[in-house]
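Residue numbering for the sequence shown follows the numbering used here, beginning at 23 and increasing consecutively. Just so it is clear, CB atoms sit at the ideal spot from N, CA and C, and this is done for glycine as well. Fair warning: this is a prediction, and the values are worked out from it, not measured in the lab. Accompanying notes for the structure given below.
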Amino acid sequence: MSIQLWFRLSALLTAVALLHASAPATASRSELDTAISQAKEAGAPSGAFALLRDGEVVQVETFGEANPDSVFLWGSVSKPVAASIARELESQGRLDPNAPAEQYAPGSTEASVRHLVNHTSGLGFGAKELDVDRPRANARDVVADHPATSTAGGYQYSSLGYLHLQAVLESASGGSYHSLVSESLPGAGASQEFCEHRIQGHRLAGPIALPLDSGYDGAGGAYGYTCGDIGTLASFAQQHVRDPDLTDVVDTGQHEQQYAGGWRLTHEDDGRLTHWHTGTVPGYFSAIYLDISSGDGTAMLLNASGYLHEQELASVARAAFDRSTDRKPATEAGSFAATLIPTALAGSAVLVMAAGFRWRSRRAALTWTALLTALTSSGVGLLMWSGYPARYLWLWEPGTLVAAGMLTLALLVAATASLCRLRTTAASGRP
């Protein structure tokens, strides 16, 4: 049976599951009800969950404005989709995984296509080239315009590597990446036109979900900008349960963690092996967790994102997976830092403003100026050290950015007020 035919059959079976959502046992409904409550507590306005048992979709639940047909961006869950397309092209004799990537995509690395898939190409994460609003772009042109060199080595998670992989797949197929995705996984897509009717995304700023009209990266389908509904995501999970790829297992350097064929692998304490991946792009978060031995698993799509919230959002899906596979759910990871950091910065701004109008001596002017200089230089230095562009703060942590801006402004006002007071005192001749 071809992969395309299998996906169509899976989609049909998934549709049946959606129409008969009341069929599963009450325990299953309770599992997803708990997940929905936790997702809401984490700040997600809307979302969708699918539960798999023995490789079949047995339940789909949605909340907020989402319904089973709502389209979400999948974030890095797009990566295992890209890896499966690479395997399909290899099986058709159209792609040599051991060939240098630059053989297919001029401007790409000398590392092999296989290295791109397994994050061992030597390319970095690549933040400067990611989440760019270029809806009509293709990866081949982007790679050609931004040549990269690297030496294959150990595991280093690289979204840039998957942008290069998309360029390779476009070249090997002679068509668009969207065509590859839609043919391989009916119901999914990777183009602005296909994804434009997606559900509204949100950025989390502390406990507040801010609506985001996110752009679309046409060169980013493989690393994060594939989209589809929960039924399609569940069908993809079913396909992986049916035919997991463990031919190229790479050690990630983390305890009991490996990577293979676009999937993360975790060797659990109970001896079971979990295949999983989480993903996020501005406005959206996704996750799949699968127990390959039993065929049980959980898929999740949310319309919320936030750098400091990622662990909590991921823990919602992981806890649902643990409950569905009779494991003790891991302790839920809250977003304490996501609330504490912007609150502390904003609180400091209020204190500085209050103190600035009361303490306006020469020493105060020097102190406020020194603090302002230290804050500004440390912020700029941190951005330069991390390699992330400044726009990433606005995309991923708007609350922290606004609070940091408030503190910077408060220090500037306090320093200015102190200097003005000194000038006034000097002009009046008062000591």
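- Taking 3 residues as the minimum length, the beta strand (DSSP E) runs contained wholly in the segment 282 to 330 are 285 to 289, 295 to 303, 306 to 313, 318 to 324, in order along the chain.
- By the beta-carbon neighbour count (other beta carbons within 10 angstroms, threshold 16), leucine 268 is exposed.
- Going by DSSP, glutamate 83 is part of the beta strand (DSSP E) stretching over 78 to 85.
- Proline 67 and alanine 321 do not touch by the CB rule: their CB atoms are close to 19 angstroms apart, not below 8 angstroms.
- Between the C-alpha atoms of glutamine 279 and aspartate 291 there is a straight-line separation of about 12 angstroms.
- The three-state secondary structure of proline 233, taken from DSSP, is strand.
- The segment 70 to 84 and the segment 301 to 321 touch, with no fewer than 3 CB-CB distances between them shorter than 8 angstroms.
- Per DSSP, glycine 115 lies in no beta strand (DSSP E) segment and is marked neither H nor E.
- Counting only the Cα atoms, leucine 393 lies some 56 angstroms from aspartate 118.
- For the pair valine 80 and proline 90, the CB atoms are not nearer than the 8 angstroms cut-off.
- Per DSSP, the unbroken beta strand (DSSP E) holding leucine 74 starts and ends at 69 to 75.
- Inter-segment contact for the segment 167 to 175 and the segment 201 to 214 is absent: fewer than three beta-carbon pairs are separated by less than 8 angstroms.
- The alpha-carbon separation between arginine 116 and proline 233 amounts to approximately 42 angstroms.
- C-alpha of glutamate 78 to C-alpha of glutamine 260: approximately 7 angstroms in a straight line.
- Our two residues, alanine 256 and glutamate 63, have alpha carbons roughly 24 angstroms apart in a direct line.
- Rounded to the nearest whole angstrom, the CA to CA distance from alanine 371 to aspartate 235 is 29 angstroms.
- Counting C-beta pairs closer than 8 angstroms gives fewer than three between the segment 189 to 205 and the segment 296 to 303, which falls short of the contact rule.
- In the structure shown, the three-state DSSP call for proline 102 is helix.
- Within 10 angstroms of the beta-carbon of lysine 101 lie 16 or more other beta-carbons, which makes it buried.
- In the same chain as threonine 361, and ignoring 5 residues on each side of it, the C-beta atoms closer than 8 angstroms to its own belong to Gly228, Pro229, in chain order.
- Shown here, serine 134 sits in a strand according to DSSP, grouped into three states.
- The beta carbon of isoleucine 221 lies closer than 7 angstroms to those of Ser68, Glu87, Ala88, Ser92, Val93, Phe94, Asn325 in the same chain, with the five residues before and after it left out.
- For leucine 202, the uninterrupted alpha helix (DSSP H) segment begins and ends at 199 to 206.
- Taking C-alpha positions only, glycine 242 is separated from phenylalanine 147 by approximately 13 angstroms.
- Straight across, the Cα-Cα distance linking alanine 339 with alanine 309 is about 6 angstroms.
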